[in-house]
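**Q** Reading the sequence shown from the start, the letters are residues 6 to 167 in the working numbering. Here it is: the structure, laid out below.
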Amino acid sequence: MKLVGVLMTGLALAACGGDDDGGDEGNSGGDLDGKQLGSLTAEESQAVCEDVAASATVTKEDVCELAGAFASAFGGADCETAKAECMSQPEQPTEGGECATAGFADCTATVAEYKACMTAQIEALKSITCETPLDTSGEPPAACAGLDQKCPEILGGPAGGA
Numbered sequence: 006m007k008l009v010g011v012l013m014t015g016l017a018l019a020a021c022g023g024d025d026d027g028g029d030e031g032n033s034g035g036d037l038d039g040k041q042l043g044s045l046t047a048e049e050s051q052a053v054c055e056d057v058a059a060s061a062t063v064t065k066e067d068v069c070e071l072a073g074a075f076a077s078a079f080g081g082a083d084c085e086t087a088k089a090e091c092m093s094q095p096e097q098p099t100e101g102g103e104c105a106t107a108g109f110a111d112c113t114a115t116v117a118e119y120k121a122c123m124t125a126q127i128e129a130l131k132s133i134t135c136e137t138p139l140d141t142s143g144e145p146p147a148a149c150a151g152l153d154q155k156c157p158e159i160l161g162g163p164a165g166g167a
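Okay, structure coming up:
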């Protein structure tokens, strides 16, 4: 299901950031906005991913709202109960580490298209509450149209087009 892929991509981005070791390679993600993802070096790809992850602020409450909405939509559980159970769990430390950039190879979307999509996904995740119906259409946010068309594997779709 494409929706799950889109949501998991957003959550993975939010979780992979954080560790800023100050080791800037001379390129921040913003300096690369016009480049195609497939033309980036490994260091540039990592910088872009870290730039997006650093701007993604997803709270435990955001994650628990999402868990509750999923439990309600797909598991038949009560959203508020699932959210409360999630909130009562101890905080899990987030580990930094390598951001997933494998989908960048051969991707013709620009860094700017990627960043716009990832930002829209994070905002879509953060907007999900127990009071709002979960969009199960499987369609990524509108800001992801270019990325979905050019590099659907980044959003969890099949390679070669959506």
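Glycine residues also receive a C-beta, built at the ideal position from the N, C-alpha and C atoms. On a predicted model such as this, the values are computed, not experimentally measured, just so you know.
Do the CB positions of Thr124 and Val57 come within less than 9 angstroms of each other?
**A** Position 119 of the sequence shown holds residue 124. Position 52 of the sequence shown holds residue 57. Going by C-beta atoms, Thr124 is nearer than 9 angstroms to Val57.
**Q** DSSP beta-bridge partners for Gln41?
**A** Here residue 41 corresponds to residue number 36 of the sequence shown, with the count starting at 1. DSSP output for Gln41 lists Thr115 as bridge partner(s).
**Q** Look at Ala89 and Ala82 and say whether their C-beta atoms are less than 9 angstroms apart.
**A** Working through the sequence shown from its first residue, we reach residue 89 at position 84. Working through the sequence shown from its first residue, we reach residue 82 at position 77. Against a cut-off of 9 angstroms, the Cβ pair of Ala82 and Ala89 comes out as no contact.
**Q** Leaving aside the five residues before and after Glu118 along the sequence, list all residues of the same chain whose C-beta is less than 8 angstroms from its C-beta, in chain order.
**A** Locating residue 118 in the sequence shown gives position 113, counting from the first residue. Within the same chain, Glu118 has close Cβ partners Gly151, Leu152, Lys155.
**Q** Within a Cβ cutoff of 6 angstroms, which residues of the same chain sit near Met92, ignoring the five residues on either side of it in sequence?
**A** Here residue 92 corresponds to residue number 87 of the sequence shown, with the count starting at 1. The answer, listed in chain order, is Cys69.
**Q** Taking only three categories from DSSP, how would you classify Gly151?
**A** For this step, residue 151 is matched to residue 146 along the sequence shown. Reduced to three states, the DSSP call for Gly151 is helix.
**Q** Going by beta-carbon coordinates alone, are Val63 and Lys131 separated by less than 9 angstroms?
**A** One-based indexing of the sequence shown puts residue 63 at position 58. One-based indexing of the sequence shown puts residue 131 at position 126. Their beta carbons are under 9 angstroms apart, which means Val63 touches Lys131 by this criterion.
**Q** Which word fits Thr106, buried or exposed, when buried means at least 16 other C-beta atoms lie within 10 angstroms of its C-beta?
**A** Taking the sequence shown and counting its residues from 1, one reaches residue 106 at position 101. By the neighbour-count rule (16 or more Cβ atoms within 10 Å), Thr106 is buried.
**Q** Please look up how many angstroms separate the CB atoms of Gln51 and Cys104, rounded, as I've assumed it's under 8 angstroms.
**A** Residue 51 sits at position 46 when you count from the first residue of the sequence shown. Residue 104 sits at position 99 when you count from the first residue of the sequence shown. 6 angstroms between Cβ atoms; contact.
**Q** What whole-angstrom Cβ distance do Lys53 and Leu71 have, given they're in contact under 8 angstroms?
**A** Counting from one through the sequence shown, the residue named residue 53 turns up at place 48. Counting from one through the sequence shown, the residue named residue 71 turns up at place 66. According to the sequence displayed, residue 53 carries Val and not Lys. About 25 angstroms; that fails the 8 angstroms criterion.
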